[in-house]
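Engineer: Protein chains in written order, with the working numbering: chain Y, 811 to 1136; chain E, 11 to 278.
Every residue gets a Cβ at the ideal spot worked out from N, C-alpha and C, and that includes glycine.
All values reported here derive from a predicted model rather than from experimental measurement.
Provided herewith is a single structure, encoded as structure tokens, for subsequent inquiry.
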Amino acid sequence: MGISVEGAYKKFGDFQALEDVSIEVPDGSLTALLGPSGSGKSTLLRAIAGLETLDKGRVEINGADATSRPPQKREVGFVFQHYAAFKHMTVFDNVAFGLKIRKWTKPQVSERVHDLLRLVQLDGLADRYPSQLSGGQRQRMALARALAVEPQVLLLDEPFGALDAKVRKDLRTWLRRLHDEVHVTTIFVTHDQEEAMDVAEQLVVMNEGRVEQSGAASDLYEHPANEFVMSFVGEVNRLGDHFVRPHDMEVLQHPADRTAEAMVERIVQLGFEIRVEFSLSDGGEIWAQLTRGELDEIELREGQIVYVRPRETKVFSGEPEIPAAA
Amino acid sequence: MTGSSTASRWSLRFLALGYLTILLLAPLVMIFVKTFQDGIGPPIDAITSPDGLAALKLSLITVAVAVPLNTVFGVGCALLLVRHRTRLNWLIDGVINLPFAISPIVIGLSLYLLYGTTGWFGPTLGDAGIKILFSTPGIILACVFVSLPFVVREVVPVLQEIGTEQEQAASTLGASSWQTFWRVTLPAIRWGVAYGVVLTTARVLGEFGAVTIVSGSISGQTQTLPLFVSKEFEQFNLPGAYGASILLAMLALTTLLLMNLLKRKDDA
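Listed below in structure tokens is the structure:
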């Protein structure tokens, strides 16, 4: 049950968008497809919706083969990054669209639409046009429209990508709560690892058309399968062959076992959290994430020579492959 | 600084207005003045003469057939060009512009040759009892030809601008292509279509060159309003020529006003 994709391939011209991609999404779960732009995550989502046809591979929705079914027959709800609101229709008519296509009677449509508008907190705005709504409201309307037809799965393509930071955060929390209420199998695409970990139970990390790793968010953070996952799911420093999270850096005033000499280049105060940037004697650059308490304890200032060592590191075999900061 | 820029702005406005006045407004005003210099009687008499009324009727029939034809074709063609990219699109795109590039009189001549007694289609159609040249079908054909690109050219950029996401959203909500077209695409492009229709109507009403050749300009039978104007002018019946001209201008203006009224109602 849920959604399963097996051995999916898709090429756009010379660009291999998907290469042997297989994922399993448990029934009723909330899963994030995470990856940099061009990693194939949106293509995979669109292939599940039937908006792209795969060159090869198989898509199953709730146990039934959906590979050759058109989008109309897949019973998916799809939410686009730029809302795809029907601009010439009111909020009510937007949400009612799928129901009218299914020939529901007027009273049925009206009841369902108003229920949904309450659910997405847009009751009272039924007669507005999309152009009279804020971005966040438009996206909630798009979500209500997708949910109206009671889809088997809900697919969201960078749903918060076009919104500003504050609205993004609110909608994240709100989507999480909505999922607890509606319990429809949901996949959402994002390039923001914080957003993915905040909202989703399950993560699928994609890169260059392939799945790098999938699993629970905490698993991926604690046990990344490779450098790409480690550096994409959270921040990372590199010390030779070792990879270390900035909050696993220890900063000492005096040399000790396994320490490296480093000069404090910059101290950035980000509220409670302090970001300290060092340059190493071999020319490398690393940074540590400290708390205010830790900083006060060691009394760092810029230009000072200190000694750093990792509390915990990871070594990956195989070709090193580090993406630019995500 | 501000002074000189204000001065240049005013001189620019003056230039633009002056240019428009001399080139466009003066001739139109002149026609109005000339038409009514001997009162309202002579022009009315000319238009309500049997030949005048026949010309008006024929012009309206031509609009009633040619405009819907080109609207349906134009929207379909724009959808093909924008939504279904094929290898032949560049060719279709180019061919659609032909009526813009070719002089109407050449279009008239080519139709004359094709449907004439020695043309490719003429003899066959003639045997079947269908008369194209020197009758209404020929006039409509010529008008369809010359006004073909307007709807396509107006709708293509609008289709490109609205993108495909609304249509994709409709399809995931269960709408068939046909339902998506009627409920999502067409409402989204309606003003592009409307502008195309207005331009097509104006062109069909005013078409002279191509229609002259294929119609034979028989008074009371195959004369459209522009041909009627021309004939009256040649016969020195100036009030008739002016009156019919004014009528033509009014018809075009009415379409334009009608669309603006609809648009205002829609925006409100």
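Interface residues of chain Y around residue 194 (chain E) at Cβ under 8 Å?
Structural biologist: Position 184 of the second sequence holds residue 194 (chain E). Here the neighbours are 896.
Engineer: If we cut at 8 Å on Cβ distances, does residue 886 (chain Y) have a partner in chain E?
Structural biologist: Numbered from its first residue, the first sequence carries residue 886 (chain Y) at position 76. At least one chain E Cβ lies under 8 Å of residue 886 (chain Y).
Engineer: Closer than 8 Å, Cβ to Cβ, to anything on chain E: give me those residues from the region 851–882 of chain Y, in chain order.
Structural biologist: Listed by position, the residues of the region 851–882 of chain Y near chain E (Cβ gap below 8 Å) are 859, 860, 861, 880, 881, 882.
Engineer: For residue 240 (chain E), report the span of its alpha helix (DSSP H) as first-last.
Structural biologist: Start at 1 with the first residue of the second sequence, and residue 240 (chain E) comes out as number 230. Where residue 240 (chain E) is concerned, the enclosing alpha helix (DSSP H) stretches over 235–244.
Engineer: Out of E:135, E:199, E:88, E:56, state which residue places its alpha-carbon closest to the alpha-carbon of residue 106 (chain E).
Structural biologist: Position 96 of the second sequence holds residue 106 (chain E). The shortest C-alpha separation from residue 106 (chain E) is found at E:88.
Engineer: Using a Cβ-Cβ cutoff of less than 8 Å, which residues in the same chain neighbour residue 1021 (chain Y) once the five nearest sequence positions on both sides are dropped?
Structural biologist: For this step, residue 1021 (chain Y) is matched to residue 211 along the first sequence. Same-chain partners within the cutoff: 831, 832, 833, 1014, 1015.
Engineer: Anyone know if the C-beta pair for residue 845 (chain Y) and residue 851 (chain Y) falls short of 8 Å?
Structural biologist: The residue labelled residue 845 (chain Y) in the question sits at position 35 within the first sequence. The residue labelled residue 851 (chain Y) in the question sits at position 41 within the first sequence. Yes, the Cβ-Cβ distance between residue 845 (chain Y) and residue 851 (chain Y) is below 8 Å.
Engineer: Closer than 8 Å by beta-carbon distance: list the chain Y residues that pair up with residue 171 (chain E), in chain order.
Structural biologist: Position 161 of the second sequence holds residue 171 (chain E). By Cβ distance, chain Y contributes nothing, its closest Cβ being about 11 Å from residue 171 (chain E), past 8 Å.
Engineer: Alpha carbons only, please: which of Y:1036, Y:1108, Y:1055, Y:914 is nearest the one belonging to residue 1074 (chain Y)?
Structural biologist: Counting from one through the first sequence, the residue named residue 1074 (chain Y) turns up at place 264. Answer by Cα proximity: Y:1108.
Engineer: Distance check for residue 35 (chain E) and residue 855 (chain Y), CA to CA, integer angstroms please.
Structural biologist: For the purposes of this step, residue 855 (chain Y) is taken as residue 45 along the first sequence, with counting starting at 1. For the purposes of this step, residue 35 (chain E) is taken as residue 25 along the second sequence, with counting starting at 1. Cα to Cα, residue 855 (chain Y) sits roughly 59 Å from residue 35 (chain E).
Engineer: Do the region 55–64 of chain E and the region 225–238 of chain E make contact, defined as three or more Cβ pairs closer than 8 Å?
Structural biologist: Yes, the region 55–64 of chain E touches the region 225–238 of chain E.
Engineer: Find the residues of chain E that neighbour residue 813 (chain Y), judging by a C-beta separation of less than 7 Å, and give them in chain order.
Structural biologist: Position 3 of the first sequence, counted from the first residue, corresponds to residue 813 (chain Y). Correct list: empty, because the minimum Cβ distance to chain E is about 15 Å.
Engineer: For the beta strand (DSSP E) that residue 937 (chain Y) lies in, which residues bound it at each end?
Structural biologist: Residue 937 (chain Y) sits at position 127 when you count from the first residue of the first sequence. Unbroken run through residue 937 (chain Y): none, as it is neither H nor E.
Engineer: On the criterion of 16 or more Cβ atoms from any shown chain inside 10 Å, does residue 30 (chain E) qualify as buried, or is it exposed?
Structural biologist: Counting from one through the second sequence, the residue named residue 30 (chain E) turns up at place 20. So residue 30 (chain E) ends up on the exposed side.
Engineer: In this structure, how does DSSP classify residue 279 (chain E) when only helix, strand and coil are distinguished?
Structural biologist: Lying outside 11 to 278, the shown extent of chain E, residue 279 (chain E) is not represented and no answer is given.
Engineer: Run the CB neighbour count on residue 1129 (chain Y), radius 10 Å, all protein chains shown included, and call it buried at 16 or more, exposed below.
Structural biologist: Here the question's residue 1129 (chain Y) lines up with position 319 in the first sequence. For residue 1129 (chain Y), the predicted structure reports a pLDDT of 49, less than 50, and the residue's modelled location is therefore unreliable. The matter cannot be settled from this model.
Engineer: Give the interface partners of residue 890 (chain Y) over in chain E, defined as CB-CB distance under 7 Å, in chain order.
Structural biologist: Here residue 890 (chain Y) corresponds to residue number 80 of the first sequence, with the count starting at 1. Result: 175, 179.
Engineer: Whose CA, out of Y:941, Y:969, Y:960, lies closest to the CA of residue 277 (chain E)?
Structural biologist: By one-based count along the second sequence, residue 277 (chain E) stands at place 267. Of the candidates Y:941, Y:969, Y:960, the one whose C-alpha sits nearest the C-alpha of residue 277 (chain E) is Y:941.
Engineer: Would you mind giving the Cβ-Cβ distance between residue 77 (chain E) and residue 214 (chain E), rounded to the nearest angstrom? I have them listed as a contact below 8 Å.
Structural biologist: Counting from 1 along the second sequence, the entry for residue 77 (chain E) is found at position 67. Counting from 1 along the second sequence, the entry for residue 214 (chain E) is found at position 204. About 6 Å separates the two Cβ atoms, so the contact holds.
Engineer: Give a yes or no on whether 8 Å exceeds the smallest Cβ distance from residue 911 (chain Y) to chain E.
Structural biologist: Residue 911 (chain Y) sits at position 101 when you count from the first residue of the first sequence. By this cut-off, residue 911 (chain Y) is an interface position.
Engineer: Alpha carbon to alpha carbon, what distance is there between residue 160 (chain E) and residue 141 (chain E)?
Structural biologist: By 1-based counting over the second sequence, the position of residue 141 (chain E) is 131. By 1-based counting over the second sequence, the position of residue 160 (chain E) is 150. Each residue's Cα considered, the two are about 28 Å apart.
Engineer: Would you kindly work out how many angstroms separate the C-alpha atoms of residue 18 (chain E) and residue 26 (chain E), rounded to a whole number?
Structural biologist: Locating residue 18 (chain E) in the second sequence gives position 8, counting from the first residue. Locating residue 26 (chain E) in the second sequence gives position 16, counting from the first residue. So the two alpha carbons sit approximately 12 Å from each other.
Engineer: Measuring alpha carbon to alpha carbon, tell me which of Y:1084, Y:1007, Y:1119 ends up nearest residue 1090 (chain Y).
Structural biologist: On the first sequence, residue 1090 (chain Y) is found 280 positions in, with the first residue counted as 1. For the residues Y:1084, Y:1007, Y:1119, the minimum Cα distance to residue 1090 (chain Y) belongs to Y:1119.
Engineer: Using a beta-carbon distance cut-off of less than 9 Å, what residues from the region 934–966 of chain Y approach chain E?
Structural biologist: Those would be 952, 955, 956, 958, 959, 961, 965, in chain order.
Engineer: Would you list the one or two residues that DSSP bridges to residue 1012 (chain Y)?
Structural biologist: Taking the first sequence and counting its residues from 1, the one referred to as residue 1012 (chain Y) is at position 202. Answer by DSSP bridge pairing, in chain order: Y:841, Y:1026.
Engineer: What span of residues does the alpha helix (DSSP H) with residue 104 (chain E) cover, start to end?
Structural biologist: Reading the second sequence from its first residue, position 94 is the one you call residue 104 (chain E). Per DSSP, residue 104 (chain E) belongs to the alpha helix (DSSP H) from 99–106.
Engineer: With residue 83 (chain E) as the anchor, note down where its alpha helix (DSSP H) starts and where it stops.
Structural biologist: Taking the first residue of the second sequence as position 1, residue 83 (chain E) is located at position 73. Run containing residue 83 (chain E): 60–93, per the alpha helix (DSSP H) assignment.
Engineer: Can you give the beta carbon distance from residue 1101 (chain Y) to residue 1084 (chain Y), rounded, assuming they're within the 8 Å contact cut?
Structural biologist: Taking the first residue of the first sequence as position 1, residue 1101 (chain Y) is located at position 291. Taking the first residue of the first sequence as position 1, residue 1084 (chain Y) is located at position 274. Sure, about 7 Å apart at Cβ, within 8 Å.
Engineer: At the level of alpha carbons, what is the spacing between residue 216 (chain E) and residue 1002 (chain Y)?
Structural biologist: Residue numbering aside, residue 216 (chain E) sits at position 206 when the second sequence is read from its first letter. Residue numbering aside, residue 1002 (chain Y) sits at position 192 when the first sequence is read from its first letter. C-alpha separation (whole angstroms): 60 Å.
Engineer: My output table needs one value for residue 20 (chain E): the three-state DSSP class, helix, strand or coil.
Structural biologist: The residue labelled residue 20 (chain E) in the question sits at position 10 within the second sequence. Helix at residue 20 (chain E).
Engineer: By DSSP, does residue 893 (chain Y) sit in helix, in strand, or in coil?
Structural biologist: Taking the first residue of the first sequence as position 1, residue 893 (chain Y) is located at position 83. It is coil, neither helix nor strand.
Engineer: Starting from the beta carbon of residue 184 (chain E), find every residue of chain Y whose beta carbon is closer than 7 Å, and list them in chain order.
Structural biologist: On the second sequence, residue 184 (chain E) is found 174 positions in, with the first residue counted as 1. 882, 908, 911, 912, 959, listed in chain order.
Engineer: To the nearest angstrom, how far is the alpha carbon of residue 871 (chain Y) from that of residue 965 (chain Y)?
Structural biologist: Your numbering for residue 871 (chain Y) matches position 61 in the first sequence. Your numbering for residue 965 (chain Y) matches position 155 in the first sequence. Distance between the alpha carbons of residue 871 (chain Y) and residue 965 (chain Y) is about 12 Å.
Engineer: Run down chain Y in chain order and give the residues with a C-beta less than 9 Å from the C-beta of residue 198 (chain E).
Structural biologist: As a position in the second sequence, residue 198 (chain E) is number 188, starting the count at 1. What residue 198 (chain E) touches in chain Y: 896, 897, 898.
Engineer: So that I know if they touch, is there some Cβ in chain Y lying closer than 8 Å to that of residue 245 (chain E)?
Structural biologist: The residue given as residue 245 (chain E) occupies position 235 in the second sequence. It does not: the Cβ of residue 245 (chain E) has no partner Cβ on chain Y nearer than 8 Å.
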